[in-house]
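Numbering (this note's numbering), first residue to last: 2 to 198.
The structure under discussion appears below in the form of structure tokens.
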């Protein structure tokens, strides 16, 4: 069974059944001890792309918007039976042409790694039909949507579990803010907390 380890802010680590290690937006917290097989960067802001935090295996694949969003086309990649599909992510502070989210499919589970975003048409048009198991959504209300808008997105997406992340500038986590994210299937993870997928 795979695992998801929340590091804090917008950073988390996913491990597949076959021990494939994926880091999403490495920057915050702890839990960088396992060498990376795959690293997913949603955009190039410094709080999402600190590769110096982790050790990459020799054949590690690092995916960034510039490598998977080409001429407006959201690409996909399959690595060790893990499928990674880039999807739109944008708002007033995040350029649609330089930011992505990802749908990660592994071990029969789909995880929506939203990146820094607000409401997108793609959530309604595509993600709502994808049978997402876990959606990780920013709720800071400054760089991205606030908890209410994120809860609305969670309702549209319809994931089994929605996890609030990216809460306050400079903070790993804010329990009080996380509690205001009122989504069905809400799952609040503290930094250094790990769940079985």
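Backbone N, C-alpha and C define an ideal beta-carbon position, used for all residues, glycine too.
Quantities reported herein were computed from a predicted structural model and do not represent experimental measurements.
Closest by C-alpha distance to residue i, when choosing among the options
i	options	result
residue 16	98, 28, 34	34
residue 75	43, 6, 111	43
residue 20	59, 108, 103, 95	108
residue 97	184, 179, 87	87
residue 167	131, 38, 144	144
residue 183	100, 196, 156	156
residue 177	158, 71, 194, 141	141
residue 50	60, 12, 22, 137	12
residue 59	39, 73, 53	39
Buried or exposed by the 16-neighbour rule on C-beta atoms within 10 Å, applied to residue i
i	result
residue 117	buried
residue 146	buried
residue 45	exposed
residue 8	buried
residue 93	exposed
residue 71	exposed
residue 29	buried
residue 106	buried
residue 102	buried
residue 111	buried
Spatial neighbours of residue i in its chain, beta-carbon cut-off 8 angstroms, leaving aside the 5 residues before and after
i	result
residue 78	62, 64, 69, 84, 85
residue 153	120
residue 175	168, 169
residue 100	43, 44, 66, 90, 91, 116, 117, 118
Beta carbon of residue i nearer than 8 angstroms to that of residue j
i	j	result
residue 27	residue 57	no
residue 190	residue 3	no
residue 173	residue 192	yes
residue 10	residue 48	yes
residue 136	residue 158	yes
residue 151	residue 186	no
residue 55	residue 114	no
Same chain, Cβ closer than 6 angstroms to residue i, neighbours up to 5 away in sequence not counted
i	result
residue 188	162, 164
residue 14	6, 24, 32
residue 123	88, 89
Cβ shell of residue i (< 7 angstroms), same chain only, five flanking positions each side left out
i	result
residue 80	39, 62
residue 1	With the chain covering 2 to 198 only, the question about residue 1 has no answer from this structure.
Entirely enclosed alpha helix (DSSP H) segments - the segment 55-102, minimum 4 residues: The qualifying runs are 66-69.
Those runs of the beta strand (DSSP E) which lie wholly inside the segment 101-174 and span at least 3 residues: Listed in chain order, they are 101-107, 110-114, 135-139, 162-166.
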